Amino acid sequence: MKLTIGWLYAAKMNIYGDRGNVIALRRRAEWRGIPVDVREIGVGEPIPADVDLFFWGGGQDQEQDTVSRDLQGGKGDALRAAVDDGAALLAVCGGYQLLGHEYRPHDAEPQLGIGLFDATSVAGPERFIGNVVVDSQWGELVGFENHSGLTTLGPGMEPMGHVRIGRGNNGRDGTEGAIYKNAVGCYLHGSLLPKNPVLADWLVARALARRHGSVELVPLGDTVEQTAHRSAVDRAVLTR
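Add 92 to the 1-based position in the sequence shown for the working numbering, that's all there is to it.
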């Protein structure tokens, strides 16, 4: 059994320490004796057929526009097809926006997404910055938001969760992120997964199940991770 991780646009969309998510996924698999191969997938490069877990971080608008153009046509179709076939995916901030229908910057042409999520994002008048606590199907999640994009989900789109502290998708409806099959998108930097090991393990298990059937991961001693999680919650309460 092996885990192959595809890191989408690592050179162009990798801000706010989101590489920590890839490190967490890799380490949590390797600590269980599961070999891991991490492949960077850049502009002009196809989606490999053997990737079962994708990560996609955030980037600046200019880089995001380049990526949007790269995804149109076969590459975006291949990524959607992989998720529909059971691949797992985590996208943060700009990557999350481009999984929707489009992102509309202030003074530029709309950036087309791949439509995996029924969601639309626009540049808002203010920036949401601060600690976030989210109630989700995985329990309590923590992260740090830093975005001006406002994301609105379609009527049937399931959010990743609902904000207890923070602004979330748009500062209005209380939602944070989106989820479709094994694909999760959100605005939670931090990095997200080191402080939320339950979500990291869910992604790893879902990715492995694509080729190996249901997988029960051996529990890890998450004392450090849970301490970091609790500390993040405490900071969020103090700064709300």
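Where a beta carbon is used, it is the ideal one built from N, C-alpha and C, also for glycine.
Just so we're clear, the structure is a prediction, and the values are computed from it rather than from any experiment.
- Taking all protein chains in view, the Cβ of aspartate 293 is crowded by 16 or more other Cβ atoms within 10 Å, so the residue is classified as buried.
- The residue among Asn113, Gly125, Gly266, Pro202 with its C-alpha nearest the C-alpha of aspartate 227 is Gly266.
- Ranked by Cα distance from glycine 165, the options Gly178, Leu312, Glu137 are led by Glu137.
- Under the DSSP assignment, isoleucine 115 falls in the alpha helix (DSSP H) whose first and last residues are 111-122.
- Excluding its 5 nearest sequence neighbours in each direction, aspartate 153 has C-beta neighbours in its own chain below 6 Å: Pro197, listed in chain order.
- Beta bridge pairing from DSSP links serine 228 with Gly231, Gly253.
- At least 8 Å separates the beta-carbon of alanine 297 from that of leucine 245.
- As a beta-bridge residue in DSSP terms, cysteine 278 pairs with Val184.
- Using a Cβ distance threshold of 8 Å, glycine 187 and tryptophan 123 do not count as a contacting pair.
- Within the same chain, Cβ atoms closer than 6 Å to the Cβ of histidine 193 are found at Gly205, Gly207, Thr212, the five residues on either side in sequence being excluded.
- Comparing C-alpha distances from aspartate 142 to each of Gly150, Gly248, Arg131 shows the shortest one belongs to Arg131.
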